[in-house]
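Asker: For the sequence shown, the residue numbers in the working numbering are 2 to 124. Idealized CB from N, CA, C, for every residue including glycine.
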Amino acid sequence: MKRLVPFVLAALMATPASAFIATNGMVVERTGPTEFFVPYRGQSAPQAFWCAAGQYAWQELGMNTGRIWRLSPPRRRSGEGILFSLRLEGAARDTGLLLIGGDRGSLSVTLARKLCERPEDRR
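(1) Leucine 112 lies in the alpha helix (DSSP H); which residues open and close that run?
(2) Would DSSP call glutamate 81 helix, strand or coil?
(3) Alpha carbon to alpha carbon, how far is glycine 80 from asparagine 65?
(4) Going by DSSP in three states, glutamate 90 sits in which element: helix, strand or coil?
(5) List the endpoints of the continuous beta strand (DSSP E) containing tryptophan 70.
(6) Please determine if the stretch 47 to 57 and the stretch 22 to 29 are in contact, where contact requires at least 3 C-beta pairs separated by less than 8 Å.
(7) Should leucine 1 and threonine 24 be called a contact, given that it needs their Cβ atoms to be closer than 8 Å?
(8) For a test of the three-state rule: what should DSSP assign to glutamate 61, helix, strand or coil?
(9) Strictly under 8 Å for the Cβ-Cβ distance: is alanine 113 near chain C by that measure?
(10) Quick one: Cα of valine 9 to Cα of glycine 97, how far?
(11) By a C-beta neighbour count over all protein chains shown, 10 Å radius and 16 as the cutoff for buried, is isoleucine 83 buried or exposed?
(12) State the Cα-Cα distance for the pair glutamine 60 and arginine 68, rounded to the nearest angstrom.
(13) Roughly how many angstroms lie between the CA atoms of alanine 1 and serine 107, to the nearest whole one?
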């Protein structure tokens, strides 16, 4: 247990005080009135970023409905985060996820939150 304390303290110090932490450990930082950023935290799958964005929109912004738009281009370099918005302006053409139908650069808040579910949680 004593070995974990320095790592936990370092993680907390590296997180901005106003940041939101999703259940998957991803951090969400507000960058503007309708924009927020999910930095890279070791999970590189697009689902992890969308999960954090969905939880943030629901829990912090009180959005039960509506869409989240991806502003960062889908071809993200290793170690880069993703910028999201609640507005269509400047949105990327793609979510970075394999989806059929829907708006190409956005997800509903509900679908983004669903990406947080793990198969083992459904048993």
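Answerer: So, from the listed chains and residues:
(1) 110 to 115
(2) coil
(3) 30 Å
(4) coil
(5) 68 to 71
(6) yes
(7) Since the first residue of the chain shown is 2 and the last is 124, residue 1 is not available in this structure.
(8) helix
(9) No chain C is present in this structure, which holds just one protein chain.
(10) Unreliable placement is indicated for valine 9, whose pLDDT of 42 sits below 50; the coordinate value is still reported in the next sentence. Their backbone Cα atoms lie some 31 Å apart in a straight line.
(11) buried
(12) 14 Å
(13) No statement about residue 1 is possible, as the shown extent of the chain runs from 2 to 124 and does not include it.
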